[in-house]
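Chains as they are written, first to last, in our numbering: chain A, -4 to 405; chain B, -4 to 405.
By construction, the Cβ of each residue, glycine as well, lies at the ideal position given by its N, Cα and C atoms.
If you're wondering where the values come from, they're calculated on a predicted model, not measured in any experiment.
There are 2 protein chains.
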Amino acid sequence: MALIVKKFGGSSVATPEKIKNVAKRILSEKAPDDRIVMVVSAMGDTTDDLIALAGEVVESPYQYAREMDMLMTTGEQVSIALLAMAFRSMGQPAVSLTGAMAGMRTDSAHTKGRILGLAPKRVHEELDKGNIVVIAGFQGTDAEGNPVTLGRGGSDTSAVAIAGAIGADTCEIFTDVDGIYSADPRIAKGARRMREITYNEMLEMARLGAGVMQPRSVEMGQLYGIPIHVRSTFTSEPGTIIREEYTVEEKSFIIRGVTHDEQVSKITVLGVSNVPGVAHKIFSALADANIDVDMIVQSIRSAESNMTDMVFTVATIDAEEAKQVVEGISAEIKASAVAIDNDVAKISIVGAGMLGSPGIASRMFGALSSADINIEIISTSEISISCLIKGGSVKDAVNRIHNEFFPGEA
Amino acid sequence: MALIVKKFGGSSVATPEKIKNVAKRILSEKAPDDRIVMVVSAMGDTTDDLIALAGEVVESPYQYAREMDMLMTTGEQVSIALLAMAFRSMGQPAVSLTGAMAGMRTDSAHTKGRILGLAPKRVHEELDKGNIVVIAGFQGTDAEGNPVTLGRGGSDTSAVAIAGAIGADTCEIFTDVDGIYSADPRIAKGARRMREITYNEMLEMARLGAGVMQPRSVEMGQLYGIPIHVRSTFTSEPGTIIREEYTVEEKSFIIRGVTHDEQVSKITVLGVSNVPGVAHKIFSALADANIDVDMIVQSIRSAESNMTDMVFTVATIDAEEAKQVVEGISAEIKASAVAIDNDVAKISIVGAGMLGSPGIASRMFGALSSADINIEIISTSEISISCLIKGGSVKDAVNRIHNEFFPGEA
C-alpha cells in the first residue's frame, strides 16, 4: 500500500477532455490499495482570465490583493469539482476539498502567501472512507479564514506540503516535461534526463535558471524529507526523483547539470572613487529597495587613478530600478555614470561532487574559451560555478560545457 | 443610522460595467453612517455555464450533487470579489465573504440546501471596521464544512436570513421589476404597483403564480420580522415593502392582487365507481409519488349510474407522471380512462381583507361570466379564491377581474 500525492498543473486539466484523461490515467495506474491525494491547479488560462476580468472592473487589481485571492481561488475550486466528478463517474469514490478544507494554513500575505502549517484531519478522514481526495493547489486560508494564494509555483508547494503533512511516501509532480535534464533539452542536443538528483543540487539548479521546479517546493520537500518525482503528464515513464541522497549510482557524474539564465542584466557603475565604504553604500541602497544583487565584481582601473568600476548583476526585471537607485547616490559615491547591459546571460554548472574534484572550474573555462566566448564575471558556491557571458553566446556555451562534462552523448 | 441588507441578482452584476454601476449606485444612495451588507448572485449566466461545463465532463452532473455545489459556489465568489474591488476602487472600504465565512449554516441537501442558522460574527466585525460587507448569496456550508447551494430563489433567501440574523432594519431585493403589482403588468393594463403587502398575502400570491418572490424568502422574512423591500435595479424609486401589517392605508383595497398560473394541468379520471375509499386511493398513490395535487373536484354523473369523474390539477411538469400513477391503479379503482388537459390556467384573487367582506367570490365569478369564461373548478383559502379556466382566456380573465376590484385604472 502506498500513500501518494499526485499534482497536475493547469495545462494538464485545461479542458473537460483532459480532466477525464487525468482521471482515467490515475485509475489505470492505481494499485487496489493505493491511497491517493490529487493536488490540482486551475484549468488552463483560468487564472489569467480571472485577472483580466478584474482588470475590467478596476485598474491595477493587484492593489486589492485580498479580493484578488477571493477571485483567483475559484479557479482551482472549479477544477477539483470537475475532477472529483470524473472519478465518480468512473466508479471511483472521490471528494474535492478546497485548500481551506484540506487544512492548509497560510500567513496573510495575499497573492504571495507562505504556508504556516497543515491540519490534514479531513484529508485522512476522506482517505479512510476510500476516497481519492482532490485538493485545490495554490491556496490556503489565513488565521481569520480569508482565502490566500501562494504565488508563483504555489501548486507544487501545496502538493509537497500536503505530502509532508500526511506522511506520503512520495509526491509526484506531473508536468509537460518528463523530468529534470542535465541541461535545457531545447538547447543542448545531448541533454540527458536524470533518474535522481539531490534537493541541494535541484535548489541550486532552480536558483540558477532551471525552470521546471520552483525552489520553494524543493525546500518544502527537503524540510519534510518527501521524495519529489517530476514526471510527464503524457507518458507513464518514470521521470526524475528529487531526494536527500542518491540511491542509484548509475554513473558518477561530478556535474549534475548545466543551467543558464537569460533574464539577468549587468549594471556598471563607472568611475567610482576607490575609498572604503563605497561598496557598502551601493549595496545597502539596493537592499533597501528590495533588489537582489547576484554577481559582483570590482575592478581597479589603474594604480594611479584611484578610480574603480563597480559591476554587478540583477534580474532584468529589476534593472531599471537598480540603475535609478545607484544614480540617486551617484553624487555621494562620486560615480561618473551608471550603465545597464541587458545582452548578457549567466551560465552555470551544478553538482555536489565538485567539492572533492579539483579542476572543474578550469574545464568549464576551457570549454568557453575553446568557443571564443569571453567571461565577464565569475562566481562560485559550494556546489556551483557561474559565468556571465554575452547573451548571444548562450546556446553555444551550454553545448560546449555540456559536452565537456557529459561527453559522447551529443 | 440604518443597517440595510441589499441583494442584487445575477442580471444586475452580469458584466464588469454593471458591477461598477451597482457600486456607484449604492454609494450615491448611502448616508454617511449607514451600515450596508450586500448579498450578490453569480454574474449573469455563470451558473448555467458552470453546469454546462460539468456536462462536458460527466453525464447528468446533478447526480454528483456535492461536487456540483463545490463547482457552483465559485460563481458568487467571483462576483463578490469583483464588487468588493469596485467599492474599494471608489474609496469605500469593503470586504467580500463567502457564505461559509458569513456563517451561513445549512443542512447537507446539496443543490437544494435549507438554512439551519447563521453565525454572523464575522459580518458584525467587518461592519464595525467600516466595511461594506459583500456576501455570496445562494450558498452556505453544512456541519462538515462542505459548500451547499440553496436551490431556486436561494439568493433572496440568503439575503433575508442574513438580514434577520444581524438584526437589519430592512432587506432590499433589487430586481428587474420595480415592485409587486396588483396583477402581471404585462397582461393587466391597469395593474398598479403596491406600496405595501403583508407576508401572508405575498406568500399566497407567490403560491398562486406571482413570480417576483419565491415563497421561501418571504417565509424567512416573516419568521424574523424583517421588512422586504422589492425594488428596481434601474431606478431609485421605492418599490413594494412586504411586512407583517400595513403602515399606510392609502386606500382600502380588499383585494391585493390578481394572479394567474398557466403551468397547471387538469387530470380527469373517468368513470370511477362511486364507493368509499376511491379518493383516498388516488391521492395517496399520488402523494407516494411525491406529486402535489392542487384543486380537486368530484362530480357524480347521475344518481343511477353510481359512477363519478374525479378531476384534479397538478403542475404541468408533473402531469404525465400523475397520469401514469393513476393508470397504475385504474383496475383497482375501476376507472375507465385517465385524460390530461394542459390547456387550462388558474386565476386567483388574493387579499386578507376578503375575510370580512362577503360577496367577493360572487364579484369574481361575475367578472368571468361577463366575458363568457367558463369556470371548471373553484377552490378557496382564507385569503384567496381560485378558478380553473381555459388557457386561452387568461388575458381576458385577468383584465376583467382586475377591473372589477381596481376600477378606473385601466
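CB-CB under 7 Å to residue i, same chain, minus the five flanking residues each way: which ones, in chain order?
| i | result |
| --- | --- |
| B:LYS107 | GLY146 |
| B:SER352 | ILE249 |
| A:GLU257 | ALA340, GLY386 and VAL389 |
| B:ASP28 | MET(-4) |
| B:SER7 | LYS13, VAL17, PHE169 and THR228 |
| A:SER150 | LYS2, GLY4, VAL34, SER36, GLY132 and PHE133 |
| A:GLY403 | none |
| B:ARG211 | GLY148 and THR152 |
| A:ILE31 | ILE(-1), LYS1, ILE21, LYS25 and ILE127 |
Strictly below 7 Å CB to CB, what residues from chain B border residue i?
| i | result |
| --- | --- |
| A:GLY140 | MET96 |
| A:PRO56 | MET80 |
| A:ARG395 | Those do not exist, as A:ARG395 stays about 49 Å from chain B at its closest Cβ, beyond 7 Å. |
In chain A, what lies closer than 9 Å to residue i by C-beta?
| i | result |
| --- | --- |
| B:ALA79 | TYR59, ARG61, GLU62 and MET65 |
| B:THR69 | THR68, THR69, GLY70, GLN72, VAL73 and ALA76 |
Counting only the same chain and skipping the five closest in sequence on each side, list residues whose C-beta sits under 8 Å from that of residue i.
| i | result |
| --- | --- |
| A:GLY140 | ALA95 |
| A:ARG117 | LEU92, MET96, ALA97 and GLY98 |
Starting from residue i, find everything on chain A with Cβ-Cβ shorter than 8 Å and list it in chain order.
| i | result |
| --- | --- |
| B:VAL333 | Ordered by position in chain A, no residue passes the 8 Å Cβ test against B:VAL333, which lies about 38 Å from the chain. |
| B:SER84 | VAL52, VAL53, GLU54 and TYR59 |
Residue i and residue j: beta carbons closer than 8 Å?
| i | j | result |
| --- | --- | --- |
| B:ASN195 | B:ILE378 | yes |
| A:ARG395 | B:TYR59 | no |
| B:VAL306 | B:ILE342 | no |
| A:ASP313 | A:ILE335 | no |
| A:ILE192 | A:VAL34 | no |
| A:PRO222 | A:THR165 | yes |
| A:ALA163 | A:VAL0 | yes |
| A:SER74 | A:SER23 | no |
| B:GLY174 | B:SER153 | no |
| A:VAL253 | A:VAL225 | no |
| B:GLU430 | A:MET80 | Only positions -4 to 405 of chain B appear in the structure, and residue 430 of chain B is not among them; the question remains open. |
| B:VAL128 | B:GLY135 | no |
| A:ILE368 | A:ILE380 | no |
| A:MET215 | A:VAL345 | no |
| B:ALA440 | A:LEU203 | The first residue shown for chain B is -4 and the last is 405, placing residue 440 of chain B beyond what the model contains. |
| A:SER279 | A:LYS329 | no |
| A:THR303 | A:GLN293 | yes |
| A:ILE157 | A:PRO88 | no |
| A:LEU111 | A:ASP102 | yes |
| A:GLU232 | A:ALA284 | no |
Mind checking whether the beta-carbon of residue i lies closer than 7 Å to any heavy atom of the ligand NAP?
| i | result |
| --- | --- |
| B:THR10 | Here there are no bound small molecules, and the ligand NAP is not part of this structure. |
Here's a check: name, in chain order, each residue in its chain whose Cβ is nearer than 6 Å to the Cβ of residue i, leaving out the five neighbours to either side.
| i | result |
| --- | --- |
| B:ILE355 | MET349 |
| B:CYS382 | ILE342, ILE370 and ILE373 |
| B:ALA405 | Bear in mind that a pLDDT of 43 at B:ALA405, under 50, signals an unreliable position, so the number given afterwards is only what the model happens to contain. So the qualifying residues of the chain are LYS184, GLY185 and ASN398. |
| B:THR41 | GLY70 |
| A:TYR219 | GLY159 |
| B:ARG238 | PRO222 |
| A:PHE400 | ILE250 |
| A:ALA332 | LEU265 |
Anything in chain A within Cβ reach of residue i, meaning under 7 Å, just list it in chain order.
| i | result |
| --- | --- |
| B:SER91 | GLU62 and MET65 |
Contact the segment 259 to 277 of chain A vs the segment 44 to 53 of chain A: 3+ CB pairs below 8 Å = Counting Cβ pairs under 8 Å, fewer than three are found: no touch.
query = What residues in the segment 41 to 54 of chain B bring their beta carbon closer than 9 Å to a beta carbon of chain A?
reply = Within the segment 41 to 54 of chain B, the residues whose Cβ lies closer than 9 Å to some Cβ of chain A are LEU45, LEU48, ALA49, GLY50, GLU51, VAL52, VAL53 and GLU54, listed in chain order.
Where the segment 3 to 31 of chain A meets chain B: residues whose CB sits under 7 Å from a CB there = Per Cβ criterion, the list reads PRO11, ILE14 and LYS15.
ask   = Would you call the segment 179 to 189 of chain A and the segment 324 to 341 of chain A touching, i.e. three or more CB-CB distances under 8 Å?
value = With a cut-off of 8 Å, the segment 324 to 341 of chain A and the segment 179 to 189 of chain A do not count as touching, because too few Cβ pairs lie within range.
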